[in-house]
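Q:
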Amino acid sequence: MTATSTTRLQQPRRVERLVAGIPTSDGAGVKLTRVLTQNLQRRLDPFLMLDAFGSDQADDYIAGFPDHPHRGFETITYMIAGRMLHRDSAGHEGLLENGGVQWMTAGHGVIHSEIPQQEEGLMEGFQLWLNLPASDKLCRPWYRDFTNADLPQFTTPEGVAVTVIAGESHGVTGAVTREGTQPLYLDLHLAAGSSFEQALPGTHNAFVYVYRGEVSVNGTAVPVQRMALLANDPDSDGVRIEAPADAKVLLIAGRPLNEPIAQYGPFVMNTTEEIYQALADFRDGRLGVRATA
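Under the numbering used here, the residue at position 273 of the sequence shown is numbered 543, and the numbers go up by one with no gaps.
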C-alpha cells in the first residue's frame with residue numbers, strides 16, 4: 271500500500287522518561303514483562319496495561335490463560351510469533367497466528383480463555399488494555415480476529431514498513447478505529463539509517479516501545495525493551511523516530527478519557543460500587559451472560 275506524503279514535523283515531542291518493564295507472570299504461570307503498569311494508568315490514559323511476552327521455552331507459556339473474566343475495557347493482542355486459541359462466553363472462537371491481531375471489547379462482561387496451540391518454539395507478542403468511556407463500559411461484547419493480511423500496511427519512501435493496527439498513519443486507516451479514545455497503534459520496522467515521523471495531537475498521551483534494536487526519539491536514545499514515555503508539550507505536532515541500526519518498535523497513542531479509574535484485577539470501572547457489582551455478577555454467574563444496563 272502507498273502512503274500519502276505528510277508535512278515534516280516542526281516540533282516533535284521529547285522523551286519525558288524511559289521505563290523498564292517488570293518481569294511477572296499471569297494466567298496459569300505465563301512469564302511476561304509488564305511494560306505499562308498500574309501506576310502509569312493515569313499518565314497514559316486511556317491505556318491501562320501493556321504486557322510483552324516472548325519465550326522459546328514451552329514451560330514459560332504452555333499453560334496459557336485459562337477461563338478468566340473481563341469487564342469495562344478492550345484487549346488488543348498482537349501475536350508476532352506462535353499460535354493462540356481464543357474462546358469466550360459470547361460464543362466467539364479464533365486462532366491467533368503470526369502477525370495477527372485479536373481485538374476484544376469486554377463491555378458488560380465476558381469470560382474467555384487464551385491457550386497456546388503449540389508445544390515448542392517461540393511464542394511472542396503483546397497485549398494492550400484500552401479503557402472504555404463510562405458510557406460504553408456496559409456495552410455488548412465485541413470480538414474480531416485479524417490475520418496479518420487483514421491489517422493495513424505500507425512502506426515509506428525511506429523503507430520503513432508500517433502496520434496500522436488502529437488509527438490512521440500517512441493517509442492509511444487501520445484495522446480498527448474508536449471515536450472515544452482515538453487509539454493509534456503502529457508496528458514500525460525501521461531499516462538502519464531510516465527515520466519515521468507521525469503527526470499526533472498535542473493532547474494525546476503517547477509512548478514508544480522498542481522490541482528489537484535501538485532507536486532515537488527526538489535525540490534521546492531508547493534501547494531495546496524500554497518504553498519511551500513522550501512528553502505532552504502543548505505545541506508539539508508529533509513524534510520523530512530514527513534508527514541507527516535495524517529496529518522494531520510499537521508506537522501507541524490515544525485521547526485521554528479524563529475519567530475516574532477503578533480497577534480490581536480484570537474489572538476496570540469508574541467507581542468502587544461498580545467494581546462490587548462486577549464481582550457480584552461474576553460470583554452469581556451473570557457476567558458474560560447478559561447486559562446489566
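All C-beta atoms, glycine included, are put in the ideal place defined by N, C-alpha and C. It should be emphasised that the depicted structure is a prediction, and the values quoted were computed from it without experimental measurement.
1. Are the beta-carbon atoms belonging to Leu472 and Gln452 less than 9 Å from one another?
2. Who does Gln533 pair with in a DSSP beta bridge?
3. For Val519, report the span of its beta strand (DSSP E) as first-last.
4. Hey, Ala328 and Glu384: beta-carbon distance below 9 Å or not?
5. Would you mind reading off the limits of the beta strand (DSSP E) that contains Asn401?
6. Going by alpha carbons, who is nearest to His338 out of Gln308, Gly324, Asp415, Arg357?
7. For the stretch 541-548 against the stretch 317-336, do three or more pairs of beta-carbon atoms, one drawn from each stretch, fall closer than 8 Å, so that the two count as touching?
8. At which residue ranges does the stretch 440-492 contain complete beta strand (DSSP E) runs of 3 or more residues, listed in the order of the chain?
9. For the candidate residues Gly379, Pro427, Arg414, Glu394, whose alpha-carbon lies nearest to that of Asp406?
10. Compare the Cα-Cα distances from Trp412 to each of Ile350, Asp505, His340 and report the closest residue.
11. How long is the line joining the alpha carbons of Phe552 and Glu512, rounded to whole angstroms?
12. Would Asp554 be called buried (16 or more neighbouring beta carbons within 10 Å of its own) or exposed?
13. Judging by CA-CA distance, which residue of Gln281, Gln423, Glu286 is the nearest neighbour of Asn475?
14. On the three-state DSSP scale, how would you describe Arg553?
15. Buried or exposed, going by whether 16 or more other CB atoms sit within 10 Å of the CB of Arg283?
16. Can you tell me which of Gly364, Gln308, Leu400 puts its alpha carbon nearest to the alpha carbon of Gly377?
17. Going by Cα to Cα distance, which pick from Gly369, Ala298, Tyr455, Phe466 is closest to Phe335?
18. Using DSSP's beta-bridge definition, name the partner residues of Thr347.
19. With which residues is Pro336 paired in a DSSP beta bridge?
20. Among the candidates Val430, Leu408, Glu344, Phe396, whose CA atom is the shortest distance from the CA of Thr375?
21. Just checking, does the stretch 486-498 make contact with the stretch 507-521 on the three C-beta pairs under 8 Å criterion?
22. Using the C-alpha atoms, what's the distance from Pro526 back to Asn540?
23. Go ahead and pull the three-state DSSP assignment for Tyr413.
A: In short:
1. Locating residue 472 in the sequence shown gives position 202, where the first residue counts as 1. Locating residue 452 in the sequence shown gives position 182, where the first residue counts as 1. For the record, residue 472 in the displayed sequence is Gly; it is not Leu. For Gly472 and Gln452, no; Cβs fall outside 9 Å.
2. In the sequence shown, counting from the first residue as 1, residue 533 sits at position 263. Its beta-bridge partners are Val538.
3. Here residue 519 refers to the residue found at position 249 when the sequence shown is read from its first residue. Element bounds for Val519: 517-524.
4. Position 58 of the sequence shown holds residue 328. Position 114 of the sequence shown holds residue 384. Contact: no.
5. For the purposes of this step, residue 401 is identified with residue 131 of the sequence shown, where counting begins at 1. Taken as a continuous stretch (DSSP letters only), the beta strand (DSSP E) holding Asn401 covers 393-401.
6. The sequence position of residue 338 within the sequence shown is 68, counting from 1. If you compare the alpha carbons of Gln308, Gly324, Asp415, Arg357 with that of His338, the shortest gap goes to Arg357.
7. no
8. 454-460, 465-469, 475-482, 485-487, 490-492
9. Working through the sequence shown from its first residue, we reach residue 406 at position 136. It is Gly379 whose Cα lies nearest to the Cα of Asp406.
10. The residue labelled residue 412 in the question sits at position 142 within the sequence shown. Trp412 has its Cα closest to that of His340, out of Ile350, Asp505, His340.
11. On the sequence shown, residue 552 is found 282 positions in, with the first residue counted as 1. On the sequence shown, residue 512 is found 242 positions in, with the first residue counted as 1. Each residue's Cα considered, the two are about 47 Å apart.
12. The count along the sequence shown starts at 1 and reaches residue 554 at position 284. Flag for Asp554 reads exposed.
13. Numbered from its first residue, the sequence shown carries residue 475 at position 205. Relative to Asn475, the option among Gln281, Gln423, Glu286 whose CA is nearest is Glu286.
14. For the purposes of this step, residue 553 is taken as residue 283 along the sequence shown, with counting starting at 1. Three-state DSSP puts Arg553 in a helix.
15. One-based indexing of the sequence shown puts residue 283 at position 13. Classification of Arg283: buried, given that the 10 Å Cβ count is 16 or more.
16. Walking along the sequence shown from the start, residue 377 turns up at place 107. A check of alpha carbon separations from Gly377 across Gly364, Gln308, Leu400 identifies Leu400 as the nearest.
17. Within the sequence shown, numbered from 1, the residue matching residue 335 stands at position 65. For Phe335, the nearest C-alpha among the options comes from Ala298.
18. Position 77 of the sequence shown, counted from the first residue, corresponds to residue 347. Per DSSP, Gln372, Gln397.
19. Here residue 336 refers to the residue found at position 66 when the sequence shown is read from its first residue. DSSP lists no partner for Pro336.
20. Locating residue 375 in the sequence shown gives position 105, counting from the first residue. Thr375 has its Cα closest to that of Glu344, out of Val430, Leu408, Glu344, Phe396.
21. The answer is yes - the stretch 507-521 touches the stretch 486-498, with three or more Cβ pairs under 8 Å.
22. Here residue 540 refers to the residue found at position 270 of the sequence shown. Here residue 526 refers to the residue found at position 256 of the sequence shown. When rounded, the separation of the alpha-carbon atoms in Asn540 and Pro526 is 14 Å.
23. Position 143 of the sequence shown, counting from 1, holds the residue named residue 413. Of the three classes helix, strand and coil, the one that applies to Tyr413 here is strand, per DSSP.
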